[in-house]
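Protein chains in written order, with numbering that gives the first Met the number 0: chain A, 0 to 276; chain B, 0 to 248.
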Amino acid sequence: MAMMNDSMTDNLDSEAPIIRIRDLVFRRGRKTILDGISMDIHRGSIVAFMGPSGAGKTTILRLISGQLRPDEGSVEVNGQLISSMSDRELQHFRRNIGVLLQDGALFTDLTVFENIATPVREHTDLPEPLIRRLVMSKLSAVGLGGIEERMPHELSGGMARRVAFARAVVLDPDIMLYDEPMTGLDPIAVSTIRTLMRETNKALGLTSLIVTHNVTQMQLLVDYCYIIASAKVAGEGRPADLNVSTDPGVDQFMNGKVEGPIPFHYQPPTSRWGLLD
Amino acid sequence: MERFTGPISQAGQCVLFLFRMLAGVRFSGSQVLTVLQQTYLIGARSLVIIMICGFFVGMVLSLQAINALEQFGASDQVSLLVGKSLFRELGPVLTALLFAGRAGTSITAEIGLMKATNQIEAMELMAIDPIQRIALPRFAAGVISVPLLTALFNALAILGSVVFSIGVMDLDAGIFWSKLQTGIYFEQDFLGGLWKSVVFGGTISLIAVYFGYSAKPTGSGVGTATTNTVVLSSVLVLIFDFIMTSFLT
Ligand SMILES: Nc1ncnc2c1ncn2[C@@H]1O[C@H](COP(=O)(O)OP(=O)(O)O)[C@@H](O)[C@H]1O
Ligand SMILES: [Mg+2]
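If you want it as structure tokens, here you go:
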């Protein structure tokens, strides 16, 4: 695989990366959030983004889903350049990605059933009985058969996250983006979500990108991990390799050390008055 | 500089927001259904307060009118005075102000919270346009509900007037109703007021959905947006009322 050269990336065989990011730069005002990020994510893999809060992990997910546009560099998914898509193309593209946002983001005014049915109703013309079967099968796949008439506020954090998961995969996407899917859950719920992510990735042939702070879970779950710090990729590799890495930044993050190259102190922006921010 | 350009660019954004909503009008079955649902929710929310306030406004108007008219021995004209001022001004304006406080705030808070809990973002990611799905039905519901609520307010105010004038002050019921019937014109008084209330409904609900949609996605951001909705829409209702009254009558 390492032997394959660039000419291969032109045709979409299974070896070409499904997501290809090159020299990505993203700024907000004067602040550079991401500064020259490159990565190849292969079809079928589970990849983690780790790094301190505010490092720009969510921003990377938003650049991949086309919610944000890069200032420089490129993001390609399936060989298509995201930044050159029209609104209509982008809408179409998003049907093939499932996103699990922080805290699930269930629609609070709809029942569990209607939450999961929403993307189906919006994007297909399936008759009601089929929608019902689809939603119920997804619900039981996340182990929550029988709660379809409940409202989101009647669910525990772990259940809400699983409902949101069912909603994200209901249209069988190619790519799943997870933003801190395990944050704030109890250990059992964490394991449940991890197992779901792993099994769904395999069963549906997905590619999964996961932002997480949980080093232990990351090691159990993913094939490859990027550590983002100070707007750059501070380290990358398979979990086993990262574990024994001698790179001080990687070591600091993996082992939760205060001392190291990743700064603990907040660095204020350079503009002194903040008027132009 | 920001102090002067800020409000102007906000107003521009708000108008653009209106166009983006109107571009989403489809008259499809599901859209009509959500508009009706929202009209029910928003209207029902304001029903009780509108009825209570209408009734008491009718009573106090009659009280003052009778006091004033008595000096000329014309207290049998009370229904005319009450009716004119109600249908033309007080009905539409007071209903709009109450609606801004009751329904406008809850629309802003609801949308702001949806934003703060990432529900709006989740919709965009599902390739569902939140402006069409969330903002448009609430805006349309506002435009529909305010005239209906105004009519209800007027009806209850007349009832209040009847209770006070006929029940308490012992005026003649026949004179009361015939003055009302002959003195109030359907087109000038009733439709004129109704037309205003459509504009008020549009103004309030546009401001409410826009402020909710552009609220900072935090607790205090939603709070500020909610306050701004009441303040701005109340002020605009009174300004528009003067403009419409002076130009259209
Ligand atoms: N809407 C926004 N406006 C301005 N700055 C933002 C916005 N969203 C995020 N940022 C900034 O971008 C940086 C990266 O944010 P984010 O990608 O959310 O970090 P992470 O997910 O790694 O915690 C942070 O410093 C944050 O303050
Ligand atoms: Mg984040």
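For each residue, glycine too, the CB sits at the ideal point set by N, CA and C.
Any chain B beta carbon closer than 8 Å to residue i
{"i": "residue 173 of chain A", "result": "no"}
{"i": "residue 168 of chain A", "result": "no"}
{"i": "residue 279 of chain A", "result": "There is no way to answer for residue 279 of chain A, as the model of chain A reaches only from 0 to 276."}
{"i": "residue 79 of chain A", "result": "no"}
{"i": "residue 216 of chain A", "result": "no"}
{"i": "residue 272 of chain A", "result": "Low per-residue confidence applies at residue 272 of chain A: pLDDT is 48, beneath 50, and the placement is therefore not dependable, though the value from the model is reported in the following sentence. No - not a single Cβ of chain B is within 8 Å of the one on residue 272 of chain A."}
For residue i, the three-state DSSP class (helix, strand or coil)
{"i": "residue 210 of chain B", "result": "helix"}
{"i": "residue 173 of chain A", "result": "coil"}
{"i": "residue 170 of chain B", "result": "coil"}
{"i": "residue 239 of chain B", "result": "helix"}
{"i": "residue 76 of chain A", "result": "strand"}
{"i": "residue 85 of chain A", "result": "coil"}
{"i": "residue 3 of chain A", "result": "Since pLDDT at residue 3 of chain A reaches only 45, below the 50 mark, its modelled position is unreliable, and no value is offered."}
{"i": "residue 230 of chain A", "result": "coil"}
{"i": "residue 225 of chain A", "result": "strand"}
{"i": "residue 215 of chain B", "result": "coil"}
{"i": "residue 128 of chain B", "result": "coil"}
{"i": "residue 47 of chain A", "result": "strand"}
{"i": "residue 275 of chain A", "result": "Any reading at residue 275 of chain A must be qualified, since the residue scores a pLDDT of 45, below 50, and its modelled position is unreliable; no value is offered."}
{"i": "residue 165 of chain B", "result": "helix"}
{"i": "residue 78 of chain B", "result": "helix"}
{"i": "residue 120 of chain A", "result": "helix"}
{"i": "residue 71 of chain A", "result": "strand"}
{"i": "residue 258 of chain A", "result": "coil"}
{"i": "residue 207 of chain A", "result": "strand"}
{"i": "residue 27 of chain A", "result": "strand"}
{"i": "residue 35 of chain A", "result": "strand"}
{"i": "residue 147 of chain B", "result": "helix"}
{"i": "residue 222 of chain B", "result": "helix"}
Under 7 Å by beta carbon: chain B residues contacting residue i
{"i": "residue 106 of chain A", "result": "118"}
{"i": "residue 101 of chain A", "result": "117"}
Minimum Cβ-Cβ distance from residue i to chain A less than 8 Å
{"i": "residue 140 of chain B", "result": "no"}
{"i": "residue 121 of chain B", "result": "yes"}
Near ligand 1: residue i beta-carbon under 7 Å from a heavy atom
{"i": "residue 159 of chain A", "result": "no"}
{"i": "residue 26 of chain A", "result": "no"}
{"i": "residue 52 of chain A", "result": "yes"}
{"i": "residue 32 of chain A", "result": "yes"}
Chain A contact residues for residue i, given Cβ-Cβ distances below 9 Å
{"i": "residue 126 of chain B", "result": "89, 90, 91, 92, 93, 94, 118, 121, 122"}
Cβ neighbour criterion (16 or more within 10 Å) applied to residue i
{"i": "residue 199 of chain A", "result": "buried"}
{"i": "residue 75 of chain A", "result": "buried"}
{"i": "residue 228 of chain B", "result": "buried"}
{"i": "residue 34 of chain B", "result": "buried"}
{"i": "residue 129 of chain A", "result": "exposed"}
{"i": "residue 109 of chain B", "result": "buried"}
{"i": "residue 56 of chain B", "result": "buried"}
{"i": "residue 217 of chain B", "result": "exposed"}
{"i": "residue 126 of chain A", "result": "exposed"}
{"i": "residue 7 of chain B", "result": "exposed"}
{"i": "residue 120 of chain B", "result": "buried"}
{"i": "residue 187 of chain A", "result": "exposed"}
{"i": "residue 167 of chain A", "result": "buried"}
{"i": "residue 139 of chain B", "result": "buried"}
{"i": "residue 255 of chain A", "result": "exposed"}
Proximity test, residue i beta-carbon vs ligand 2 heavy atom, cut-off 7 Å
{"i": "residue 178 of chain A", "result": "yes"}
{"i": "residue 114 of chain B", "result": "no"}
{"i": "residue 141 of chain A", "result": "no"}
{"i": "residue 182 of chain A", "result": "no"}
{"i": "residue 202 of chain B", "result": "no"}
{"i": "residue 56 of chain A", "result": "yes"}
{"i": "residue 46 of chain A", "result": "no"}
{"i": "residue 210 of chain A", "result": "yes"}
Under 9 Å by beta carbon: chain B residues contacting residue i
{"i": "residue 98 of chain A", "result": "120, 121, 124, 125"}
Neighbour list for residue i in chain B, Cβ cutoff strictly below 8 Å
{"i": "residue 66 of chain A", "result": "120, 123, 124"}
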